[in-house]
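One structure is given here, and the rest of the page talks about it.
Number of protein chains: 2
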Amino acid sequence: MFIKPNPKDADLTRKLRAMDHKGQSFDIPIVEERPLTIFLNNQEIVTAMTIGDYPKLLALGFLHNQGMLENLADLQAVDYDEDLATVVVRTKSKTDYEEKLKKKTQTSGCAVGTVFGDMMDALETVALPKAQIHERDMFALSRKINQMPSLYLEAGAIHGSVLCEGDEPLVYFEDVGRHNAVDKTAGWILQNRISTANKTLYTTGRLTSEMVIKTARMGIPILMSRSGFTAWGVDLAQKTGMTLIGRLRGERYMILSGYERLIRERA
Amino acid sequence: MFIKPNPKDADLTRKLRAMDHKGQSFDIPIVEERPLTIFLNNQEIVTAMTIGDYPKLLALGFLHNQGMLENLADLQAVDYDEDLATVVVRTKSKTDYEEKLKKKTQTSGCAVGTVFGDMMDALETVALPKAQIHERDMFALSRKINQMPSLYLEAGAIHGSVLCEGDEPLVYFEDVGRHNAVDKTAGWILQNRISTANKTLYTTGRLTSEMVIKTARMGIPILMSRSGFTAWGVDLAQKTGMTLIGRLRGERYMILSGYERLIRERA
């Protein structure tokens, strides 16, 4: 496994004084939530609320999933300044997203925070690859992910995004927002030039339109979650031909799109 | 109870074909997720992803929680157009949030979607009222809310926000994003000119910085949740003197701020 959660990283949780129902006081670990401002060249793009690990991957993945950074060949530098809480991504070609950002202001939702119109347009040309997932691999992934030491098990109140191949978790990111965890995954894929055609993405969060759009942008054909669906998320998965599996707990699940990639053991 | 969830509302869920782990196919209810664009006079402010009920309350509450609509006296009209999926809020005084919106573009996070800088500034002057919550009322609220027929019990994948007084839930809104459900609550409070000094807000979502800021904006002194905390959420609750109770399940909970409002039965 390339990257796994580091629940002992002292920067990611803070011990805070709590009192419980028995009237007992003690210190419990609580996840951090801090702003990170992402610049593309000299333009301020967004401030994300994040736990703060992997800021460069978050910036790269966010910009890529937004369609503002299409390929690494154009990338010149990625600079992180911890004191200023900023990441500046520099490209060789000039960028100007004044108009795009204006559109974002006008169309991004509270629940979305993305240049939604553009991302919907980009979906029109998505053709997700053929791939397979064995039911037994899916159950194994779910078991491995749930049992792996993580900030979720340590402190709760956090979402995970796990890039998988077969029954193996490859990279496991966590963040306060499920979309940040997915954007970090996109950044890792971009930085390491990983092929996504045979990968599966596991998220602990709900399968909303935004999650399906990001997964499609990343070229990943299979998306699964322990949580449930929204109807628009299902619509978009069906439209892009994505395999969408939710409510995966133990050896139970629901599949609502892309049945042809799932290989069931029990015929 | 003034407003409770309507899980049988045919506009809020859609039956979609699913296959489960046993290979059986059936139709399951999935919550809708649709865009709603909010205008303030002739200015487009935001597009929220919402289940779609109470669009006017969502618009009113969102604008109020953003500091763009301070009082009802200034309100002229609220028009909802279902076909265009828009709400237009009209005020007597002229509004111009070009600069504010620019700031939003620059500072709103994926996880936030709010004019964050402004809301942080507004917190400086917040003085939350004295109030009390009995432990037994808290447990009663939790039990009533969890057992009440809701979209959550019907279809899952949705958050709830419940305005309470003593052991009584008064209004219970649901939405795909926890902040939308809270904004609808703010809209209802504004529209009905409700005093919030003796109220408690229950949310099913995590107690993040954004949730604490919105609750403070609404003048509600007590915020509780079945979910966990972020460290910044706790910081802001302590700063504004808000009572913050999380991980409320059965008769268990954790309190991390504003201990003086909680009346424990077991001394």
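Protein chains in written order, with the numbering used here: chain Y, 1 to 267; chain L, 1001 to 1267.
We put the beta carbon where it would ideally sit given N, CA and C, even for glycine.
This structure is a prediction, so every number in the text was calculated from the model and none was measured.
Contacting residues, own chain, Cβ-Cβ under 7 Å from residue i (five flanking each side not counted)
i, result
"Ala-122/Y", "Gly-67 and Arg-217"
"Ser-93/Y", "Asp-74"
"Gly-1205/L", "His-1159, Arg-1178, Met-1211, Ser-1225 and Ser-1227"
"Glu-265/Y", "Glu-135 and Arg-136"
"Asp-1167/L", "Asp-1137, Ala-1140 and Leu-1141"
"Leu-1016/L", "Asp-1027, Ile-1028 and Ile-1030"
"Glu-2/Y", "The sequence given here has Phe at residue 2/Y, not Glu. Closer than 7 Å at Cβ, skipping near neighbours: Leu-170 and Val-171."
"Asn-180/Y", "Ala-48, Thr-50 and Leu-58"
"Gln-76/Y", "Arg-90, Thr-91 and Lys-92"
Chain Y within 9 Å of residue i, Cβ atoms only
i, result
"Ala-1231/L", "yes"
"Glu-1154/L", "no"
"Leu-1207/L", "yes"
"Asp-1020/L", "yes"
"Val-1089/L", "no"
"Leu-1063/L", "no"
"Tyr-1253/L", "yes"
"Arg-1261/L", "no"
"Gly-1067/L", "no"
"Asp-1009/L", "no"
"Leu-1256/L", "yes"
"Val-1176/L", "yes"
"Leu-1016/L", "yes"
"Gly-1160/L", "no"
"Arg-1193/L", "no"
"Arg-1034/L", "yes"
"Pro-1005/L", "no"
"Met-1049/L", "yes"
"Glu-1070/L", "no"
"Ile-1145/L", "no"
"Thr-1200/L", "no"
Sub-9 Å separation of residue i and residue j beta-carbons
i, j, result
"Thr-215/Y", "Val-182/Y", "yes"
"Asp-1053/L", "Asp-1011/L", "yes"
"Arg-1034/L", "Ala-1085/L", "yes"
"Leu-207/Y", "Val-176/Y", "no"
"Asn-65/Y", "Ala-186/Y", "yes"
"Ile-1255/L", "Met-19/Y", "yes"
"Gly-1258/L", "Gly-1241/L", "yes"
"Thr-91/Y", "Leu-69/Y", "yes"
"Met-120/Y", "Lys-4/Y", "no"
"Lys-130/Y", "Glu-165/Y", "no"
"Arg-193/Y", "Leu-63/Y", "no"
"His-1021/L", "Glu-32/Y", "no"
"Pro-1007/L", "Leu-1153/L", "yes"
"Leu-128/Y", "Gly-219/Y", "yes"
Below-9 Å beta-carbon distance, residue i vs any chain L residue
i, result
"Ile-243/Y", "According to the sequence provided, residue 243/Y is Thr. The question's Ile does not apply to it. Judged by the 9 Å Cβ criterion, Thr-243/Y is not in contact with chain L."
"Gly-228/Y", "yes"
"Arg-217/Y", "no"
"Ala-157/Y", "yes"
"Gly-187/Y", "no"
"Glu-298/Y", "Residue 298/Y lies beyond the stretch modelled for chain Y, which goes from 1 to 267, so this question has no answer here."
"Arg-136/Y", "no"
"Leu-223/Y", "no"
"Ser-108/Y", "Because the pLDDT at Ser-108/Y is just 32, under 50, the model does not fix this residue reliably, and the value given afterwards should be weighed accordingly. At least one chain L Cβ lies under 9 Å of Ser-108/Y."
"Thr-196/Y", "no"
"Glu-124/Y", "no"
"Thr-13/Y", "yes"
Spatial neighbours of residue i in its chain, beta-carbon cut-off 6 Å, leaving aside the 5 residues before and after
i, result
"Val-1162/L", "Ile-1145, Pro-1169, Tyr-1172 and Tyr-1202"
"Ser-1209/L", "Trp-1232, Gly-1233 and Leu-1236"
"Asp-79/Y", "Val-88"
"Thr-230/Y", "Thr-208"
"Val-126/Y", "Ala-216 and Thr-240"
For residue j and residue i, believed in contact at Cβ under 8 Å, the rounded distance
i, j, result
"Ile-1133/L", "Ile-1028/L", "With 8 Å as the limit, Ile-1133/L and Ile-1028/L do not qualify as a contact, their Cβ atoms being about 37 Å apart."
"Leu-57/Y", "Trp-188/Y", "5 Å"
"Leu-36/Y", "Gln-191/Y", "With 8 Å as the limit, Leu-36/Y and Gln-191/Y do not qualify as a contact, their Cβ atoms being about 17 Å apart."
Residue i - containing beta strand (DSSP E), residue span
i, result
"Ile-38/Y", "34-40"
"Ala-1197/L", "That residue, Ala-1197/L, is in no beta strand (DSSP E); it is neither H nor E in DSSP."
"Asp-1020/L", "1013-1020"
"Val-1046/L", "1043-1050"
Range covered by the alpha helix (DSSP H) that runs through residue i
i, result
"Phe-1062/L", "1055-1065"
"Glu-1135/L", "1135-1147"
"Ser-1161/L", "No alpha helix (DSSP H) holds Ser-1161/L; the beta strand (DSSP E) holding it covers 1159-1165."
"Asp-183/Y", "178-191"
Residues of its chain near residue i, where Cβ-Cβ distance is below 8 Å and the 5 sequence neighbours each way are ignored
i, result
"Arg-249/Y", "Ser-142 and Arg-226"
"Tyr-97/Y", "Leu-40, Gln-43, Ile-45 and Met-68"
"Asp-1009/L", "Asp-1053"
"Arg-1261/L", "Lys-1130, Ala-1131, Gln-1132, Ile-1133, Pro-1221, Ile-1222 and Thr-1243"
"Ala-1155/L", "Pro-1007, Thr-1013, Ile-1028, Pro-1029, Ile-1030 and Val-1031"
"Tyr-253/Y", "Met-138, Met-224, Ile-245, Gly-246 and Arg-247"
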